[in-house]
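Please read the structure below before turning to the comments.
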Amino acid sequence: MRGLSDPPLDEVGQVEAKRLQVEERFGSVDAAPGVEPADAVAARALAAFTELICEYQDGPLVMVSHDAFNTALLRMLDPALAGINQRTACYNQLSRIGGRWRVDFYDRKPQ
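The sequence shown begins at 39 in this note's numbering and counts up one residue at a time.
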């Protein structure tokens with residue numbers, strides 16, 4: 039609970055407060071009206087990744103996105119990663135071994 043003497047919320051605090059309101063009202067962000075279902079996000083993430091790797095198959099590839107998209111893609115590539123989090127400005131590394139994608143590491147931050 040915030041008091042009158044607390045400083046104003048910054049942008050991150052405002053987003054977090056909104057998320058908490060949505061969770062209180064609907065039980066989760068995913069259950070709120072108009073939110074893209076998690077399976078649809080995962081299918082879209084995998085389709086975008088597949089398109090990129092087909093177009094840029096001869097070299098390294100850097101793909102930048104937000105946490106929900108990244109976690110959905112990682113879950114599609116490795117179901118054991120369901121439920122992981124992605125911190126702001128983190129990165130993930132994938133390798134293609136024997137025609138399959140492997141998640142080498144995820145949620146790393148620069149040193």
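For each residue, glycine too, the CB sits at the ideal point set by N, CA and C.
Bounding residues of the alpha helix (DSSP H) (the contiguous stretch that carries residue i)
{"i": "ASN108", "result": "105–115"}
Reduced DSSP category for residue i - H, G, I as helix; E, B as strand; rest coil
{"i": "GLN95", "result": "coil"}
{"i": "GLN131", "result": "strand"}
{"i": "GLY51", "result": "helix"}
{"i": "GLU74", "result": "coil"}
{"i": "GLN59", "result": "helix"}
{"i": "VAL79", "result": "helix"}
{"i": "ALA69", "result": "coil"}
Range covered by the beta strand (DSSP E) that runs through residue i
{"i": "VAL141", "result": "138–146"}
Which listed residue (the options) has its alpha carbon closest to that of residue i
{"i": "CYS92", "options": "ARG134, PRO71 and VAL79", "result": "ARG134"}
{"i": "VAL50", "options": "THR126, VAL67, LEU112 and ALA78", "result": "THR126"}
{"i": "LEU112", "options": "GLU62, ALA76, GLY65 and VAL67", "result": "ALA76"}
{"i": "SER103", "options": "PRO117, SER66 and GLN124", "result": "GLN124"}
{"i": "ALA81", "options": "ASN108, ASP96, TYR144 and GLN52", "result": "ASN108"}
Assess, as a yes-or-no matter, whether the segment 86–95 is touched by the segment 56–64 under the definition of 3 or more beta carbon pairs within less than 8 Å.
-> no
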